[in-house]
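First the structure, in the form of structure tokens, and then the observations on it.
Residue numbers (full-length UniProt numbering): 1 to 518.
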């Protein structure tokens with residue numbers, strides 16, 4: 001749209017007729033000339049708190065007629081806005097609207113009307129610029145909001161009315177501030193709601209809560225930025241994320257625009273996770289993702305969740321303090337990433353994240369640092385950890401089970417040639433992968449150090465023995481730690497893997513230099 005015109009009714013509520021000789025509101029009329037009211041108004045006309053709603057209903061038919069005529073028009077109570085692509089189109093629209101209003105007997109406040117086509121307009125306290133495609137809070141409105149914020153900031157215990165006034169100002173900023181106007185004021189809304197339930201007077205002073213202090217800090221830092229917005233959508237995502245939560249844990253995937261999985265995350269929930277609401281579990285899954293990628297990637301990101309309740313909370317916040325707190329943690333984490341949009345996705349299209357929420361790495365345990373340092377002192381500096389994650393990697397370069405922000409890649413067996421070139425390797429594989437590792441070592445003549453529990457009836461133990469039950473000849477040096485030694489560093493998934501759930505290794509533990517290059 002390139003041009004606009006605005007108009008304002010004169011004494012808008014007085015256009016509604018109140019039947020005489022009755023104490024009740026009986027009928028409305030748009031066709032009859034306005035009559036003097038039966039009552040002398042000392043408050044909102046009609047004597048009804050629903051007056052704005054009723055007024056809007058009354059004028060809805062004529063607004064519908066205009067829109068059927070192809071006129072792009074908005075009427076908010078008694079303030080109107082018309083927009084058009086060309087001057088000629090706007091002049092036509094203005095002519096129809098003025099003619100219809102005159103026919104209906106609607107009186108206009110001529111001094112407040114701006115019928116001439118213009119690329120700039122002021123409406124409802126907003127200044128629109130159709131050339132720049134921006135809408136900005138008027139300076140008068142901005143100063144009013146700022147004043148009410150300063151009142152809240154300057155008092156240790158603002159009144160209920162102080163809060164209501166500031167919340168009203170934020171509500172009026174919805175057009176420019178978007179969902180933040182609601183999402184970043186929930187704690188204050190909770191305080192007001194609690195005061196109303198207890199029927200406290202508006203003058204009652206209430207000390208600010210921790211959540212309110214955070215909201216006040218947010219608005220102090222962002223009110224100028226959120227007082228203006230673009231009319232055109234400029235959100236261009238470069239990342240797509242998918243999250244889901246099961247009864248036991250959380251899963252997330254991060255993809256680039258080509259659809260390639262850049263990061264896959266799974267995490268077991270805490271002890272109380274299963275008993276929490278589905279919305280809370282979904283929020284925690286999004287928090288897990290946000291915290292993992294914060295400070296790693298940059299750029300706009302769209303996040304898909306298969307819970308409509310969670311999406312609503314991520315957009316607008318919650319009146320539950322527990323849910324609101326987690327949502328705020330999500331928003332704060334994404335601030336280091338870029339603009340974010342939260343969208344609902346059908347469950348059948350979110351299967352990868354659903355699988356990740358149930359597929360945990362039970363072999364995410366590590367080896368105590370004393371073992372690693374001893375091996376490095378004896379056999380030389382390690383350059384790459386082949387089976388690790390961010391939590392237990394012993395070297396700067398490592399390969400992980402799933403794609404991750406710091407790893408060289410997912411599944412080292414897909415990168416054997418590159419991994420070999422990185423240098424002397426530290427191998428602490430899941431025990432069931434030891435046979436495959438030995439096979440790859442034979443095939444590519446590799447050299448590295450293997451650390452593993454000695455489970456005599458397990459395939460991992462059989463893989464390092466020859467046909468006579470001795471160590472394979474490529475095992476050139478070793479140390480065996482006795483049972484009951486503190487060797488293990490449990491991971492998040494270790495709770496589901498009993499033998500690795502405590503630092504004490506119940507069996508003997510082997511650290512051995514393997515050299516297949518001879």
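Think of the CB as a built atom: it goes at the ideal place given N, C-alpha and C, for glycine as much as any other residue.
Euclidean distance between Cα positions of residue i and residue j
i, j, result
"residue 92", "residue 101", "15 Å"
"residue 32", "residue 105", "Low local confidence applies: a pLDDT of 48 at residue 32 is under 50, so the model's placement there is unreliable, and no value is given."
"residue 297", "residue 237", "12 Å"
"residue 111", "residue 10", "10 Å"
"residue 483", "residue 240", "47 Å"
"residue 424", "residue 504", "28 Å"
"residue 458", "residue 233", "59 Å"
"residue 169", "residue 293", "35 Å"
"residue 341", "residue 299", "12 Å"
"residue 353", "residue 389", "19 Å"
"residue 468", "residue 445", "23 Å"
Run of the beta strand (DSSP E) containing residue i, from where it starts to where it stops
i, result
"residue 452", "447 to 453"
"residue 441", "Looking at the DSSP string, residue 441 is not in any beta strand (DSSP E); the run it does join, the alpha helix (DSSP H), is 434 to 444."
"residue 228", "228 to 230"
"residue 255", "249 to 256"
"residue 4", "3 to 8"
"residue 546", "Beyond the ends of the chain as shown, which are 1 and 518, falls residue 546; an answer cannot be given."
"residue 117", "114 to 118"
"residue 513", "509 to 515"
"residue 293", "From DSSP, residue 293 is part of no beta strand (DSSP E) but of the alpha helix (DSSP H) over 278 to 293."
"residue 81", "79 to 84"
"residue 398", "397 to 400"
"residue 416", "Element bounds for residue 416: not the beta strand (DSSP E) but the alpha helix (DSSP H), 416 to 421."
Where the alpha helix (DSSP H) containing residue i begins and where it ends
i, result
"residue 72", "From DSSP, residue 72 is part of no alpha helix (DSSP H) but of the beta strand (DSSP E) over 72 to 76."
"residue 222", "210 to 222"
"residue 331", "321 to 334"
"residue 425", "Element bounds for residue 425: not the alpha helix (DSSP H) but the beta strand (DSSP E), 425 to 427."
"residue 106", "First-last for residue 106: undefined, no H or E at that position."
Whole-Å CB distance - residue i paired with residue j, under 8 Å assumed
i, j, result
"residue 235", "residue 184", "With a Cβ gap of about 19 Å, residue 235 and residue 184 do not count as contacting."
"residue 81", "residue 136", "Incorrect: roughly 15 Å between the Cβ atoms, too far for contact."
"residue 274", "residue 247", "5 Å"
"residue 225", "residue 188", "Contact doesn't hold; Cβ gap of about 20 Å is too wide."
"residue 190", "residue 321", "7 Å"
"residue 176", "residue 228", "6 Å"
Spatial neighbours of residue i in its chain, beta-carbon cut-off 7 Å, leaving aside the 5 residues before and after
i, result
"residue 461", "454, 455"
"residue 316", "179, 182, 183"
"residue 87", "3, 117"
"residue 376", "382"
"residue 528", "Since the first and last residues shown for the chain are 1 and 518, residue 528 lies out of range."
"residue 393", "385"
"residue 492", "267, 268, 364"
"residue 200", "160"
"residue 474", "514, 515, 516"
Chain-order list of residues whose beta-carbon lies under 8 Å from that of residue i (same chain, five-residue window excluded)
i, result
"residue 283", "310, 313, 314, 323, 326, 327, 330"
"residue 153", "216, 220"
"residue 343", "302, 303, 304, 305, 311"
"residue 133", "230, 231, 232"
Beta-carbon proximity list for residue i, same chain, < 6 Å, skipping 5 on both sides
i, result
"residue 387", "428, 429"
"residue 509", "453, 481, 487"
"residue 61", "none"
"residue 129", "120"
Output the residue ranges of the alpha helix (DSSP H) runs that lie fully inside the stretch 452 to 501 and measure 4 residues or longer, sorted by chain position. DSSP runs (the alpha helix (DSSP H)) wholly in the stretch 452 to 501: 459 to 462.
Those runs of the alpha helix (DSSP H) which lie wholly inside the stretch 354 to 393 and span at least 4 residues: 369 to 379
Enumerated in chain order, which unbroken segments of the beta strand (DSSP E) with a length of 3 residues or greater are wholly contained in the stretch 129 to 166? 134 to 137
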